[in-house]
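First comes the structure, then the notes that go with it.
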Amino acid sequence: MCLGVVARDGQKMPPYFFKPGEKVDTAAYYKVLRYTVLPWLKSTYPSGNYTWTQDGAPCHTSKKVQDFCRPAWPISGLPTCGQQAIVEAWDNLTEEYIKKSCASVRRRVEAVIANNG
């Protein structure tokens with residue numbers, strides 16, 4: 001399993017790979033947020049001008065992780081051989097592609113809602 005972080009200005013954090021078979025529970029996810037993601041955010045956005053969002057995976061919704069992320073909030077294992085392919089694909093994401101993808105989220109969510117999805 002890996003964690004990828006992208007930003008609307010096109011920046012991307014290098015993919016973080018969990019160890020094969022590692023259970024990504026609250027403790028594991030918190031550790032990555034605290035010691036990998038947060039330092040990247042602080043070095044990429046030294047002014048602190050960023051907002052963190054994530055999906056509803058159980059490790060994302062635990063009290064410890066929510067408390068850690070709250071200041072920045074708006075209102076299984078991957079085979080090792082697959083990691084290089086992910087890194088290569090990740091490295092090929094251009095700033096322009098990331099910007100367009102992030103900008104299109106609202107429109108796509110509104111389309112899902114409009115179609116009772």
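Going by full-length UniProt numbering, the sequence shown opens with residue 1, and the numbers climb by one from there. Just so it is clear, CB atoms sit at the ideal spot from N, CA and C, and this is done for glycine as well. Every value quoted in this text rests on a predicted model; they were computed, and no experiment measured them.
Which residues DSSP lists as bridging residue i, in chain order
i, result
"residue 16", "3"
Residue of the options minimising C-alpha distance to residue i
i, options, result
"residue 28", "86, 53, 64, 56", "64"
"residue 30", "66, 91, 105", "66"
"residue 23", "57, 117, 113, 110", "57"
Cβ shell of residue i (< 6 Å), same chain only, five flanking positions each side left out
i, result
"residue 77", "Caution is warranted here: a pLDDT of 48 is assigned to residue 77, below 50, making its placement in the model unreliable, and the coordinate value is therefore given only provisionally. So the qualifying residues of the chain are 20, 21."
"residue 25", "59"
"residue 83", "17"
"residue 69", "52"
Cβ separation of residue i and residue j, assumed to be a contact under 8 Å, to the nearest whole Å
i, j, result
"residue 13", "residue 32", "The Cβ separation is near 11 Å, so there is no contact."
"residue 99", "residue 10", "5 Å"
Cβ-Cβ distance between residue i and residue j below 9 Å
i, j, result
"residue 17", "residue 86", "yes"
"residue 89", "residue 50", "no"
Cβ-based neighbour list, residue i, same chain, cut-off 8 Å, excluding 5 preceding and 5 following
i, result
"residue 2", "15, 16, 17, 18, 78, 83, 86"
"residue 95", "9, 10, 11"
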